[in-house]
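Q: Under this note's numbering, think of the first position of the sequence shown as 47, with each following residue one higher.
My questions all concern the structure below.
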Amino acid sequence: MPEKFEFIDLNYKPRDDIVCLFIVEPNKVSIKKAANTIALESSIGTWTEVSTKKSYVNKLAAKVFSINGKKVKIAYPSELFEKGNVPNLLSSIAGNIFGMKIVKNLRLEDISIPKKILNSFSGPKYSINGIRKIMKIPKRPLIGTIIKPKLGLKTIDHAKIAYEAWIGGCDIVKDDENLAGQKFNDFEERIARTLERLNQAEKETGEKKAYLANVTAETKEMLKRAQLVEDLGGKFIMVDVVTEGFGALQTLREADFNLAIHAHRAMHAAFTRNKKHGISMMVLADLVRMIGVDTLHIGTVVGKLEGTLDEVSEIKEEIEKERVKETKIRLEQNWGKIKPVLAVSSGGLTPLHFPYLIRHLGKDIILQCGGGIHGNWLGTKQGAIAARQSIDAIMRKVSLREYAKDHFELKSTIDQWKIKE
Ligand code: CAP
Ligand code: MG
Numbered sequence: 047m048p049e050k051f052e053f054i055d056l057n058y059k060p061r062d063d064i065v066c067l068f069i070v071e072p073n074k075v076s077i078k079k080a081a082n083t084i085a086l087e088s089s090i091g092t093w094t095e096v097s098t099k100k101s102y103v104n105k106l107a108a109k110v111f112s113i114n115g116k117k118v119k120i121a122y123p124s125e126l127f128e129k130g131n132v133p134n135l136l137s138s139i140a141g142n143i144f145g146m147k148i149v150k151n152l153r154l155e156d157i158s159i160p161k162k163i164l165n166s167f168s169g170p171k172y173s174i175n176g177i178r179k180i181m182k183i184p185k186r187p188l189i190g191t192i193i194k195p196k197l198g199l200k201t202i203d204h205a206k207i208a209y210e211a212w213i214g215g216c217d218i219v220k221d222d223e224n225l226a227g228q229k230f231n232d233f234e235e236r237i238a239r240t241l242e243r244l245n246q247a248e249k250e251t252g253e254k255k256a257y258l259a260n261v262t263a264e265t266k267e268m269l270k271r272a273q274l275v276e277d278l279g280g281k282f283i284m285v286d287v288v289t290e291g292f293g294a295l296q297t298l299r300e301a302d303f304n305l306a307i308h309a310h311r312a313m314h315a316a317f318t319r320n321k322k323h324g325i326s327m328m329v330l331a332d333l334v335r336m337i338g339v340d341t342l343h344i345g346t347v348v349g350k351l352e353g354t355l356d357e358v359s360e361i362k363e364e365i366e367k368e369r370v371k372e373t374k375i376r377l378e379q380n381w382g383k384i385k386p387v388l389a390v391s392s393g394g395l396t397p398l399h400f401p402y403l404i405r406h407l408g409k410d411i412i413l414q415c416g417g418g419i420h421g422n423w424l425g426t427k428q429g430a431i432a433a434r435q436s437i438d439a440i441m442r443k444v445s446l447r448e449y450a451k452d453h454f455e456l457k458s459t460i461d462q463w464k465i466k467e
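Rendered as structure tokens:
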């Protein structure tokens with residue numbers, strides 16, 4: 047007799063369910079057996095029948111409703127999940143299943159979240175429009191820098207370098223992902239000194255400037271640090287969303303500070319990079335949009351970290367569109383009331399990469415250069431001037447080479463990095 051797969055129903059049409067798109071590589075079992083096991087393990091089953099299962103439990107079974115080669119779609123009834131609880135959601139759809147012996151590899155490519163669950167989250171407070179309004183930059187891409195060296199600088203130098211970047215033309219200066227409250231650069235002192243410099247730069251340039259203070263720390267300490275930034279007049283914070291944890295990120299968002307939240311994704315590649323196994327960046331992007339960060343690192347295509355143009359573009363659509371269409375690696379999603387997140391490209395960029403990035407990813411983006419500004423032969427301020435000149439050239443639809451003819455800093459940057467447009 048053929049084996050019966052109780053968790054497979056290819057006629058099922060998901061409605062209020064969380065839908066997951068998996069790439070399944072079975073380990074010495076059929077794809078049906080593997081898919082069935084994934085669905086049961088993350089819903090109402092286990093490795094054997096149990097006498098404690100009441101008949102009313104059956105309606106909560108997850109259903110495999112599509113199998114196409116290795117691509118498997120599973121629908122999880124929304125009653126399986128506690129509303130407003132990302133850790134709970136992940137413990138089901140991305141819990142035990144990755145370690146099961148019946149799969150050689152298992153990759154969660156995307157999730158689609160129904161309105162019922164989506165609306166139990168806040169989403170971004172400021173979003174793209176809110177940030178543009180705070181910064182008084184209605185159209186052009188925003189320019190950011192990360193203070194380098196990432197660790198070791200004393201507070202006074204950190205603040206001075208931030209000032210130089212701002213007066214050169216950067217809109218945003220951020221801490222690096224691994225800068226917290228180390229001995230060489232105390233958190234409280236750093237925020238105070240850097241915000242002082244921010245005020246000075248705003249007065250001198252007549253522009254709005256942002257400092258993204260890294261509040262990543264133990265949860266209560268993180269909240270204390272965010273409060274301090276707010277009290278000292280800051281408008282932004284940044285947090286490493288993966289190392290901080292989803293529960294803590296929810297706590298931060300729900301504390302509802304008057305601070306835009308910048309999401310750094312340090313450590314994501316530990317589970318996103320292997321295309322056969324783990325969880326995609328798309329899923330991480332979904333979760334943090336739902337929780338409510340305002341900006342998110344999505345990759346650069348051309349910089350120092352991996353990610354193809356297709357991947358980066360699709361992630362950008364996922365975080366900024368209201369309705370997202372299904373593709374090979376993505377499920378459709380209606381974001382409803384959840385606002386968009388502003389994309390950040392960062393990692394190995396110089397101002398010479400800007401034309402490519404804007405051509406492919408559009409103007410709603412923060413372009414960040416750490417080494418690409420502080421590594422400029424002429425220094426931080428001139429590196430920031432060159433970054434601003436690059437953006438100005440693009441906005442005027444002039445090539446960088448042409449614009450460089452009467453913009454010395456850009457010309458020098460082209461001589462230094464020799465990257466083609
Ligand atoms: C960039 C950066 C960013 C990474 C993050 C760094 O500095 O500060 O953390 O780009 O990567 O430390 O590498 P550089 P992603 O401009 O000097 O490279 O955005 O891909 O998560
Ligand atoms: Mg960094």
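C-beta: ideal position from N, C-alpha, C; glycine also.
From a predicted model like this one, the values you see are computed outputs, not experimental measurements.
Among 51, 92, 108, 49, whose alpha-carbon lies nearest the alpha-carbon of residue 63?
A: When each option's Cα is compared against that of residue 63, the closest is 108.
Q: Do you know how far the Cα of residue 48 is from the Cα of residue 166?
A: Cα to Cα, residue 166 sits roughly 42 Å from residue 48.
Q: On the three-state DSSP scale, how would you describe residue 401?
A: Here residue 401 sits in helix by DSSP.
Q: Output needed for residue 349: all residues of its chain with C-beta closer than 6 Å, excluding positions within five of it in sequence on either side, in chain order.
A: 393, 394, 395, listed in sequence order.
Q: Run the CB neighbour count on residue 277, radius 10 Å, all protein chains shown included, and call it buried at 16 or more, exposed below.
A: So residue 277 counts as exposed.
Q: Please check the pair residue 436 and residue 446, which I expect to be a contact at CB under 8 Å, by giving their CB distance rounded to whole angstroms.
A: The pair is a contact, with the Cβ atoms about 6 Å apart (cut-off 8 Å).
Q: Are the CB atoms of residue 224 and residue 200 within a distance shorter than 8 Å?
A: No, they are not a contact pair.
Q: Could you check if residue 399 is buried or exposed, using at least 16 other CB atoms within 10 Å of its CB as the buried criterion?
A: With 16 or more Cβ atoms within 10 Å of its Cβ, residue 399 is classed as buried.
Q: Is residue 283 near ligand 1, going by C-beta to nearest heavy atom under 7 Å?
A: Answer for residue 283: no, Cβ out of range of ligand 1.
Q: Round the Cβ separation of residue 288 and residue 262 to the nearest angstrom and send it over; I've been treating them as touching at under 8 Å.
A: Rounded, the Cβ-Cβ distance is 10 Å, inconsistent with contact.
Q: Using only the heavy atoms of ligand 1, determine whether one of them is closer than 7 Å to the beta carbon of residue 319.
A: Incorrect: residue 319 has no Cβ contact closer than 7 Å to ligand 1.
Q: Can you name, in chain order, every residue of its own chain whose Cβ lies under 8 Å from the Cβ of residue 106, other than the five neighbours on each side?
A: Excluding residues within five positions, the ones whose Cβ falls inside 8 Å are 89, 90, 123, 125, 126.
Q: If you draw a straight line from the C-alpha of residue 414 to the C-alpha of residue 145, how long is it?
A: Near 37 Å, if we compare the C-alpha coordinates of residue 145 and residue 414.
Q: When the distance is taken between beta carbons, is residue 171 closer than 8 Å to residue 190?
A: No.
Q: What I want to know is whether the C-beta of residue 183 ends up closer than 7 Å to one or more non-hydrogen atoms of ligand 2.
A: No, Cβ of residue 183 sits at least 7 Å from all heavy atoms of ligand 2.
Q: Report the start-end ranges of each alpha helix (DSSP H) in the segment 217-281 that is 4 residues or longer and not cut off at the edges.
A: Complete alpha helix (DSSP H) runs here, min 4: 233-251, 265-277.
Q: Measure the C-alpha to C-alpha separation of residue 132 and residue 250 and round it to an integer number of angstroms.
A: Roughly 44 Å separates the two Cα atoms.
Q: Using the DSSP secondary-structure output, state which residues sit across from residue 173 in a beta bridge.
A: None, per the DSSP bridge assignment.
Q: Taking 6 Å as the limit between beta carbons, can you name the residues of its chain near residue 268, skipping five residues before and five after?
A: Taken in chain order, the residues that qualify are 261.
Q: Would you mind sorting residue 202 into buried or exposed? The rule is 16 or more other CB atoms within 10 Å of its CB.
A: It is exposed - the Cβ of residue 202 has fewer than 16 other Cβ atoms within 10 Å.
Q: Might you give, ordered along the chain, the residues of its own chain that have their beta carbon closer than 7 Å to the beta carbon of residue 371, omitting 5 neighbours on each side?
A: Cβ neighbours of residue 371 beyond the five flanking positions: 378.
Q: CB of residue 415 to nearest heavy atom of ligand 1: below 7 Å?
A: Under cutoff, so the answer is yes.
Q: I need the straight-line Cα distance from residue 253 to residue 339, nearest angstrom please.
A: Cα-Cα distance, rounded: 24 Å.
Q: Can you name the start and end residues of the alpha helix (DSSP H) that residue 293 belongs to?
A: Looking at the DSSP string, the run of the alpha helix (DSSP H) that includes residue 293 is 292-300.
Q: Would you report the Cα separation of residue 156 and residue 164, rounded to the nearest angstrom?
A: For residue 156 and residue 164, the distance between alpha carbons rounds to 15 Å.
Q: Let me know if residue 308 comes out buried or exposed under the rule of 16 or more other beta-carbons within 10 Å of its beta-carbon.
A: Under this definition residue 308 is a buried residue.
Q: Is it a yes or a no for the segment 354-371 touching the segment 401-414, going by three-plus beta-carbon pairs under 8 Å?
A: Contact holds: three or more Cβ-Cβ distances are below 8 Å.
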